[in-house]
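So the sequence shown is numbered by our numbering: it starts at 306 and just counts up by one.
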Amino acid sequence: MALVSMKEMLAKANEGHYAVGNFDVFNIEMVTGVIDAAEETRSPIILAFGGEFEKLADIGDIGAYIRSAAGRASVPVTLHLDHATEFSLVMRALKAGFTSVMVDASFKSLEDNIATTQEIVKICREYGVSVEAELGHVGGLGFYDEDQDTECYTVVEEAARFVKETGIDALAVAIGTVHGVYKREPKLNINRLHELKEALQMPLVLHGGSGLSDEDLTRCVANGINKINIFTDLTLAAMDQMKADADTGLNYLGKCTNVRDAVHKVARDRMQVLRSAGKA
Numbered sequence: 306m307a308l309v310s311m312k313e314m315l316a317k318a319n320e321g322h323y324a325v326g327n328f329d330v331f332n333i334e335m336v337t338g339v340i341d342a343a344e345e346t347r348s349p350i351i352l353a354f355g356g357e358f359e360k361l362a363d364i365g366d367i368g369a370y371i372r373s374a375a376g377r378a379s380v381p382v383t384l385h386l387d388h389a390t391e392f393s394l395v396m397r398a399l400k401a402g403f404t405s406v407m408v409d410a411s412f413k414s415l416e417d418n419i420a421t422t423q424e425i426v427k428i429c430r431e432y433g434v435s436v437e438a439e440l441g442h443v444g445g446l447g448f449y450d451e452d453q454d455t456e457c458y459t460v461v462e463e464a465a466r467f468v469k470e471t472g473i474d475a476l477a478v479a480i481g482t483v484h485g486v487y488k489r490e491p492k493l494n495i496n497r498l499h500e501l502k503e504a505l506q507m508p509l510v511l512h513g514g515s516g517l518s519d520e521d522l523t524r525c526v527a528n529g530i531n532k533i534n535i536f537t538d539l540t541l542a543a544m545d546q547m548k549a550d551a552d553t554g555l556n557y558l559g560k561c562t563n564v565r566d567a568v569h570k571v572a573r574d575r576m577q578v579l580r581s582a583g584k585a
């Protein structure tokens, strides 16, 4: 099956009240593990590549491999650029055949975030590529500063203006999740999420999906999230498997196979929780 548009994929998720898993990947074991899980559960998927992964894999090479793998897959696949903070990275992704881009100017002022996102949307439209952007701040290193929790949340009025002036296809919102491993129990502002969904009536994205309980993920989906980013859960499963195999005498091929299977299991479980199973 050919790569599909994120806009199209998330529109269906929005109508069907489910979320599509966005799995950040950078090697063959991760790509095949996630695609195998998607085919097993009959789930649409988003395979994402972040700029920080370029130290491990060329964006053109990984893009070509994912396009090839998607062509063999029997489920819809979107090839997505995650957290692009530089225009040059966006252009490399477009030339590599990515079907969606997440521009991240959330660290800028609202005015500058709008201006930067408008520029990316304009060029992506020429390529027929979907655009996601972020408003508010999703914490890093596993935690928010407790004194800044509420300040980091996406503001409904600002979000309405942002979406109207940029024309993006999906908005990543900040409601209390963080990137990486959680250092303390997350406090999700589901009321804010509900308010954002009511005001915007569009696909919403949750970054920092790894480490959330099934209950929290279910609540987020029920209140309007249509795309959930997962990376740390995959890498932790892979590392745990490598540790388990360290002194077994298993050869490298066998260890890589086990890593793929570990990624597969986590991805499969998440697809079930996000309610995307059976939607392909």
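All C-beta atoms, glycine included, are put in the ideal place defined by N, C-alpha and C.
Everything numeric in this text was worked out from a predicted model, so none of it was measured.
If I measure Cβ to Cβ from residue i and keep anything under 6 Å in the same chain, skipping five residues before and after, which residues do I get?
| i | result |
| --- | --- |
| R347 | G583 and A585 |
| V408 | A389, T422, I425 and A438 |
| K492 | G481 |
| E470 | I419 |
When you compare the CB positions of residue i and residue j, do they come within less than 9 Å of one another, or not?
| i | j | result |
| --- | --- | --- |
| A410 | E439 | yes |
| V586 | V426 | Here the chain covers residues 306 to 585 and nothing more, so residue 586 does not appear. |
| V395 | S435 | no |
| A572 | A369 | no |
| L476 | L522 | no |
| I597 | F358 | As displayed, the chain neither begins before 306 nor continues past 585, which places residue 597 out of reach and without an answer. |
| N319 | M507 | yes |
Since I believe residue j is in contact with residue i (beta carbons under 8 Å), could you give me their beta-carbon distance rounded to a whole number of angstroms?
| i | j | result |
| --- | --- | --- |
| M306 | A375 | 7 Å |
| V330 | S581 | V330 to S581, Cβ: 17 Å. No contact. |
| E416 | D474 | Not confirmed; about 21 Å, so no contact. |
| C429 | H442 | Not really, about 23 Å apart at Cβ, beyond 8 Å. |
| G402 | L384 | 7 Å |
| F354 | I535 | The Cβ separation is near 14 Å, so there is no contact. |
| V309 | L352 | That belief does not hold up - the Cβ atoms of V309 and L352 are roughly 12 Å apart, past 8 Å. |
| E500 | V461 | 5 Å |
| L399 | Y432 | 5 Å |
Would residue i be called buried (16 or more neighbouring beta carbons within 10 Å of its own) or exposed?
| i | result |
| --- | --- |
| R575 | buried |
| D538 | buried |
| K532 | buried |
| K502 | buried |
| E334 | buried |
| A551 | exposed |
| G338 | buried |
| G559 | exposed |
| R397 | buried |
| S518 | exposed |
| H377 | Note on identity: in this sequence residue 377 is Arg, with His being the wrong assignment. It is exposed - the Cβ of R377 has fewer than 16 other Cβ atoms within 10 Å. |
| L361 | exposed |
| T553 | exposed |
Under 7 Å Cβ to Cβ from residue i, same chain only, skipping five residues before and after it: list those, please.
| i | result |
| --- | --- |
| Q453 | For Q453, the predicted model reports a pLDDT of 47, less than 50, meaning its position is unreliable; a value from the coordinates is still stated below. Nothing meets the Cβ criterion. |
Please list, in chain order, all residues of the same chain as residue i whose beta carbon is under 8 Å from its beta carbon, the five residues on each side excluded.
| i | result |
| --- | --- |
| K413 | T421 |
| L380 | Sequence inspection shows Val at residue 380; the Leu mentioned does not correspond to that position. Contacts found: M306, I340, A343, E344, R347, S348, P349, I350 and A585. |
| L555 | N563 |
Using a Cβ-Cβ distance under 9 Å, would residue i count as near chain B?
| i | result |
| --- | --- |
| C525 | Considering every chain present, this structure includes no chain B. It has just one protein chain. |
Would the segment 538–545 count as touching the segment 557–575 if we require 3 or more Cβ pairs under 8 Å?
yes
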